[in-house]
Amino acid sequence: DEPFEGGRHSFRLDKISAYEEENCKKLEASSGGGRTVVIDHPLVRHKLGLLRNKETSSKDFRDLVQEVAGLMVYEVTRHLPLEETEIETPIEKTRVFTLSGKKLAVVPVLRAGLGMVEGILKLVPNAKVGHIGLYRDPKTLKPVDYYCKLPCDISEREIFVVDPMLATGGSAVAAVGHIIERGGKKISLVSLIAAPEGIATFHEAHPDVDIFVAAVDSHLNEHCYIVPGLGDAGDRLFGTK
Ligand code: PRP
Ligand code: URA
């Protein structure tokens with residue numbers, strides 16, 4: 126099984142973790158394209174290891190997904206513009222930095238994306254939250270839509286689409302497509318674990334949208350689950366299996 130060979134997987138990885146060095150070398154060898162950023166902070170890698178463990182309980186799994194999502198916010202928001210303003214400390218006047226530029230929106234892909242929202246909102250509490258309902262049909266593996274509600278000023282916001290798993294990429298491609306149809310312009314995808322196949326498919330469909338992930342795994346199995354992955358994120362979050 127050589128999932129990284131061939132022209133299908135054409136994308137560039139920024140910020141490569143040692144853990145994924147071997148995978149990433151192969152990925153980088155393929156040609157240009159969109160930007161995938163791997164967030165490889167030790168705390169993220171540690172918590173991801175706990176998430177992958179099948180013995181981790183639903184409660185711990187939920188807490189860990191929120192924590193990893195929160196840690197990823199640092200990297201995902203690194204480019205946000207700041208403006209200088211003057212304030213007074215109890216001692217004297219000084220200049221401080223305040224976030225400026227576009228307001229933010231977080232859009233979870235239901236269900237599993239919901240598990241990341243609170244962790245992100247802890248750090249960007251003024252972000253508005255939209256929802257996109259999609260599930261992957263177990264037979265066709267194609268995304269099936271059932272809900273879409275976005276903030277009315279979505280075209281003026283910087284948007285983070287969140288879904289823990291990027292497997293075939295079908296769900297993420299559809300979710301971002303719905304947001305673009307409704308006027309969304311500046312969009313990033315934030316996932317915990319991605320398969321190379323999903324990254325390639327996503328960049329092909331939405332070449333201007335960056336992907337932030339905590340790990341790039343090996344490949345998809347015959348049921349299009351990520352290997353080694355963490356299993357079914359929605360079921361593990363909500364205890365439905
Ligand atoms: C999972 C996951 C993604 C999708 C990824 O959701 O949360 O949305 O599968 O697979 P893809 O990249 O091949 O489309 P699922 O369809 O299981 O729904 P759920 O969140 O309701 O459990
Ligand atoms: N959805 C999941 O929850 N996990 C996978 O590995 C693939 C799709």
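Whatever position you read off the sequence shown (first residue = 1), add 125 for the UniProt record's numbering.
All residues carry an ideal CB built from backbone N, CA and C; glycine is no exception.
Member of the options whose CA lies at the smallest distance from the CA of residue i
{"i": "Asp342", "options": "Ala320, Asp335, Ile336 and His348", "result": "Ala320"}
{"i": "Pro263", "options": "Val301, Cys349, Thr202 and Ala297", "result": "Cys349"}
{"i": "Cys273", "options": "His256, Lys267, Val287 and Val286", "result": "His256"}
{"i": "Gly226", "options": "Arg160, Asp360 and Glu281", "result": "Glu281"}
{"i": "Lys311", "options": "Asp335, Ser296 and Gly295", "result": "Asp335"}
{"i": "Thr293", "options": "Glu209, Thr202 and His344", "result": "His344"}
{"i": "residue 86", "options": "Val301, Arg307 and Phe337", "result": "What the structure shows of the chain is the stretch from 126 to 366, and residue 86 is not part of that stretch, so it cannot be assessed."}
{"i": "Gly295", "options": "Lys267, Glu213, Leu317 and Glu283", "result": "Lys267"}
{"i": "Phe222", "options": "Glu209, Lys184 and Asn251", "result": "Glu209"}
{"i": "Arg261", "options": "Pro250, Phe186 and Val298", "result": "Val298"}
{"i": "Val301", "options": "Leu259, Val201 and Thr365", "result": "Leu259"}
{"i": "residue 107", "options": "Lys218, Ala237, Thr365 and Asn346", "result": "Outside the shown range of the chain (126 to 366) lies residue 107, about which nothing can therefore be said."}
{"i": "Val249", "options": "Thr219, Val201 and His328", "result": "Val201"}
{"i": "Ile164", "options": "Gly195, Leu175, Glu347 and Arg177", "result": "Gly195"}
{"i": "Leu317", "options": "Lys253, Val254, Ala358 and Glu180", "result": "Ala358"}
N-terminal and C-terminal residue of the beta strand (DSSP E) that residue i is part of
{"i": "Gly258", "result": "His256 to Arg261"}
{"i": "Tyr350", "result": "First-last for Tyr350: undefined, no H or E at that position."}
{"i": "Ala194", "result": "Where Ala194 is concerned, there is no enclosing beta strand (DSSP E), although the alpha helix (DSSP H) it sits in stretches over Ser183 to Val201."}
{"i": "Asp360", "result": "Careful: Asp360 lies outside any beta strand (DSSP E), inside the alpha helix (DSSP H) at Ala358 to Phe363."}
{"i": "Val334", "result": "Counting along the chain, Val334 falls outside any beta strand (DSSP E), and DSSP gives it neither H nor E."}
{"i": "Lys274", "result": "Pro268 to Lys274"}
{"i": "Ala230", "result": "Lys228 to Leu235"}
{"i": "Leu224", "result": "Lys218 to Leu224"}
Per-residue burial, residue i [other beta carbons within 10 Å of its own, 16 or more giving buried]
{"i": "residue 406", "result": "Outside the shown range of the chain, which is 126 to 366, sits residue 406, and nothing can be said about it."}
{"i": "Leu168", "result": "exposed"}
{"i": "Lys172", "result": "buried"}
{"i": "Ile216", "result": "exposed"}
{"i": "Leu355", "result": "buried"}
{"i": "Leu205", "result": "exposed"}
{"i": "His331", "result": "buried"}
{"i": "Thr326", "result": "buried"}
{"i": "Arg361", "result": "buried"}
{"i": "Lys323", "result": "For clarity, residue 323 is Gly in the given sequence; the question names Lys instead. Per the 10 Å Cβ criterion, buried."}
N-terminal and C-terminal residue of the alpha helix (DSSP H) that residue i is part of
{"i": "Ile279", "result": "Neither: Ile279 is in no alpha helix (DSSP H) and is coded neither H nor E."}
{"i": "Leu239", "result": "Leu239 to Leu246"}
{"i": "Ser316", "result": "Ser316 -> not in any alpha helix (DSSP H); beta strand (DSSP E) instead, spanning Lys311 to Ala319."}
{"i": "Leu175", "result": "Pro167 to Arg177"}
{"i": "residue 377", "result": "Any property of residue 377 remains undetermined from this structure, which presents the chain solely from 126 to 366."}
Residue i: CB within 7 Å of a non-hydrogen atom of ligand 1
{"i": "Leu229", "result": "no"}
{"i": "Lys296", "result": "With the sequence shown as reference, residue 296 is identified as Ser, and Lys is not the correct amino acid for it. Yes, since a heavy atom of ligand 1 falls inside the 7 Å radius drawn around the Cβ of Ser296."}
{"i": "Tyr271", "result": "no"}
{"i": "Val234", "result": "yes"}
{"i": "Tyr199", "result": "no"}
{"i": "Arg261", "result": "yes"}
Cβ-heavy atom distance, residue i to ligand 2, below 7 Å
{"i": "Ala194", "result": "no"}
{"i": "Asp357", "result": "yes"}
{"i": "Met290", "result": "yes"}
{"i": "Ala237", "result": "yes"}
{"i": "Gly240", "result": "no"}
Cβ contact check for the stretch 224-243 and the stretch 279-299: 3 or more pairs under 8 Å: Touching, per the Cβ criterion.
Segment contact flag, the stretch 181-191 with the stretch 236-243, C-beta cutoff 8 Å, min 3 pairs: Of all C-beta pairs linking the stretch 181-191 to the stretch 236-243, three or more are shorter than 8 Å, placing the two stretches in contact.
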